[in-house]
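Note sheet for the following structure.
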Amino acid sequence: MNSSPAYSNGYHPQQQQHGMRDKVRRGTRARSRELRESFSSGGNFGGLRVSEHDKQQQQQQQQGAPCTDFDMAYFHSYAHVGIHEEMIKDRVRTETYRTAIMQHQSSIAGKVVVDVGCGTGILSIFCAQAGAKRVYAVDASDIAVQANEVVKANNLSETIIVLHGRVEDVDIDEEVDVIISEWMGYMLLYESMLGSVITARDRWLKPGGLILPSSATLYMAPITHSDRYSESIDFWRNVYGIDMSAMLPLAKQCAFEEPCVETIVGENVLTWPHVVKQVDCHTITLHELESVTTNYKFKSMMRAPLHGFAFWFDVEFSGPALAGTNNHAPSSLISNHPVDGQQRKKRANPNEALVLSTAPEDPPTHWQQTVLYFYDPIEVEQDQLIEGSVTLSQSKENRRFMNIHLEYAWKILCKRVRNEVILLITSCVVIQGKHGQVITLLNLCPSCCPKLSADLGSLQNFLGDLAITFPYN
56 MNSSPAYSNG
66 YHPQQQQHGM
76 RDKVRRGTRA
86 RSRELRESFS
96 SGGNFGGLRV
106 SEHDKQQQQQ
116 QQQGAPCTDF
126 DMAYFHSYAH
136 VGIHEEMIKD
146 RVRTETYRTA
156 IMQHQSSIAG
166 KVVVDVGCGT
176 GILSIFCAQA
186 GAKRVYAVDA
196 SDIAVQANEV
206 VKANNLSETI
216 IVLHGRVEDV
226 DIDEEVDVII
236 SEWMGYMLLY
246 ESMLGSVITA
256 RDRWLKPGGL
266 ILPSSATLYM
276 APITHSDRYS
286 ESIDFWRNVY
296 GIDMSAMLPL
306 AKQCAFEEPC
316 VETIVGENVL
326 TWPHVVKQVD
336 CHTITLHELE
346 SVTTNYKFKS
356 MMRAPLHGFA
366 FWFDVEFSGP
376 ALAGTNNHAP
386 SSLISNHPVD
396 GQQRKKRANP
406 NEALVLSTAP
416 EDPPTHWQQT
426 VLYFYDPIEV
436 EQDQLIEGSV
446 TLSQSKENRR
456 FMNIHLEYAW
466 KILCKRVRNE
476 VILLITSCVV
486 IQGKHGQVIT
496 LLNLCPSCCP
506 KLSADLGSLQ
516 NFLGDLAITF
526 PYN
């Protein structure tokens, strides 16, 4: 079976709707050069502490964990207020975190908390309001300077200590009871900030300590989205009465060569979602984040054009740890089925785990959904099987970026109309790249094979403008 990646480029997603700017989400932290020049080692500026780990940082760099130029640019991007404004204005996100903190008040009151990637410090303040004895707010971006001012303005300097530096570098001279972090990126794992949470957990968390959120699940499902395709592609077929169809190949490449971050709705989803990865924040390792692979099998619930695959996630706030979670279990064991019989919703019952969901049928968030579009839609029938695999791996050049390797196939029943064969394929693999698609036929209906040459035109009409190879003669 011939197969090649449909997407294998560095994942730097595009914003497609509402004019939203590309944003780089937080990851592991590094102290800025400007702050190193402004403050001496071990200096203190109104409660803002700078890491005293210059020698240790050099040793870490020699051990293969340097702060790269990519990291520095990444941290710098989070000094811009617009990113934090967007996140805080996301009421689903912010209010769910505040509710989770208050639901776990008994585990936070009188305890020591570390906020990984604190940003403006809003989650640290929520923890202080819940009665935390001490909160270490850690961030490598220069936004930490503003976070410290926010802490002082709210008279919380005795409770919240802002540490400007990477989690890998800063000093905390005690174990902590709670780790809180808003680490999720697009497609859950983009930006690799979960690695910083793992580092904080391994450095400071007491046995049996609380991590919020405690777990996460990444989903995928095939979608239909004719309006999106019409808006970006079909527009070029007739522009003010001018035939501009020559623009179609370039339009498809520009629109769909990279994953798109946009909002879809439940009606766009063709099947039950598949679980790509389950994460237990108490046990996940850095090694597991390097690459995630899953095999999927979907059954379409309707006849519709298949335009691509959408990815979304949810996170759960439960404690102190998940029992019986197996991060290595093949996701195919739980694929193609809803979780607990339906997509999990945010619970109002304080005795149940709280869930923050970015699913298409739930209230929209700033994460939206991540969509991998095909260059050309594929017509699927009700109950038709769609199967393949997807691998998400950290880019070797920049671990904050993601490489996506997607393979997909569909099975079509042989159909006849007035004894004319109109569909010859029983299964095939589609290989999609920047310069078009190639389809390799793997199996043909035996009764149709003799008519292959005569019906090649019909096959071409069905498949569209594609190159076709035949491994048999």
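Following this note's numbering, the numbering of the sequence shown begins with 56 at its first residue and continues without gaps.
Using N, Cα and C, we set each Cβ at its ideal position, and we do this for glycine too.
Shortest Cα-Cα distance from Pro268 to any of Trp327, Arg256, Ile278, Ile180 involves Arg256. Contact between Ser355 and Gln437 holds: CB atoms are separated by about 6 Å, below the 8 Å threshold. Taking the Cα of Leu341 as reference, the smallest distance to any Cα among Ser281, Pro415, Met248, Leu461 is reached at Met248. Within 10 angstroms of the beta-carbon of Val252 lie 16 or more other beta-carbons, which makes it buried. Straight-line measurement puts the Cα of Ala464 at about 23 Å from the Cα of Pro304. Ranked by Cα distance from Trp259, the options Thr326, Val169, Ile278 are led by Val169. Counting every other CB atom within 10 Å of its CB across the protein chains shown gives Pro415 a total of 16 or more, marking it as buried. According to DSSP, residue pairing for Thr425 in a beta bridge involves Val316, Phe366.
Here Pro418 is exposed: its Cβ has fewer than 16 other Cβ atoms, across all protein chains shown, within 10 Å. DSSP places Ser251 within a helical segment (H, G or I) once states are collapsed to three. Residue state for Lys261 is assigned as strand, using DSSP reduced to three classes.
For Ile339, the closest of Thr254, Phe368, Gly240 by C-alpha to C-alpha distance is Thr254. Closest in alpha carbon position to Arg221, among Ser196, Gln201, Trp238, is Ser196. Under the DSSP assignment, Arg153 falls in the alpha helix (DSSP H) whose first and last residues are 146-158. A straight-line Cα-Cα distance of about 5 Å links Met299 and Trp291.
Within 10 angstroms of the beta-carbon of Ser179 lie 16 or more other beta-carbons, which makes it buried.
Closest option to His139, judged by alpha-carbon separation, among Val225, Glu223, His421: His421. If you draw a 10 Å sphere on the C-beta of Pro328, you find 16 or more other C-beta atoms in it, and that means buried.
Burial is judged here by how many other beta carbons sit within 10 angstroms of a residue's own beta carbon; Ser270 has at least 16 and is buried.
Nearest in C-alpha terms to Pro360, of all of Glu343, Asp335, Asn323, is Asn323. Listed in chain order, the non-local C-beta contacts of Ala276 below 8 Å within the same chain comprise Val324, Leu325, Thr326, Trp327, Pro328, His329, Phe353, Phe364, Ala365, local neighbours out to five positions each way being set aside. About 52 Å separates the CB atoms of Asn350 and Ser212; that is not less than 8 Å, and the two are not in contact. Cβ neighbours of Gln423 within its own chain (closer than 6 Å, five residues either side excluded): Val316, Glu317, Thr318. Annotation: the continuous alpha helix (DSSP H) that includes Ala306 extends over 303-311. Per DSSP, reduced to three states, the secondary structure at Ser270 is strand. DSSP, reduced to helix, strand and coil, places Gly137 within a helical segment of the structure shown.
Within the same chain, no Cβ atom closer than 8 Å to the Cβ of Val294 is found once the five residues on either side in sequence are excluded. Cβ-Cβ distances below 8 Å link Lys261 to Glu230, Val231, Asp232 in the same chain, with the five nearest sequence neighbours on each side left out; the list follows chain order. When DSSP assignments are scanned along the stretch 318-365, the uninterrupted stretches of alpha helix (DSSP H) that are 4 or more residues long and fall wholly within it turn out to be 341-345. The C-alpha of Arg455 is placed about 18 Å away from the C-alpha of Thr348. Bounds of the beta strand (DSSP E) holding Ile216 are 215-219. A buried status is given to Arg283, since no fewer than 16 other beta-carbon atoms sit within 10 Å of its beta-carbon. For Ser444, the pairing in a beta bridge is given by DSSP as Asn350, Glu462.
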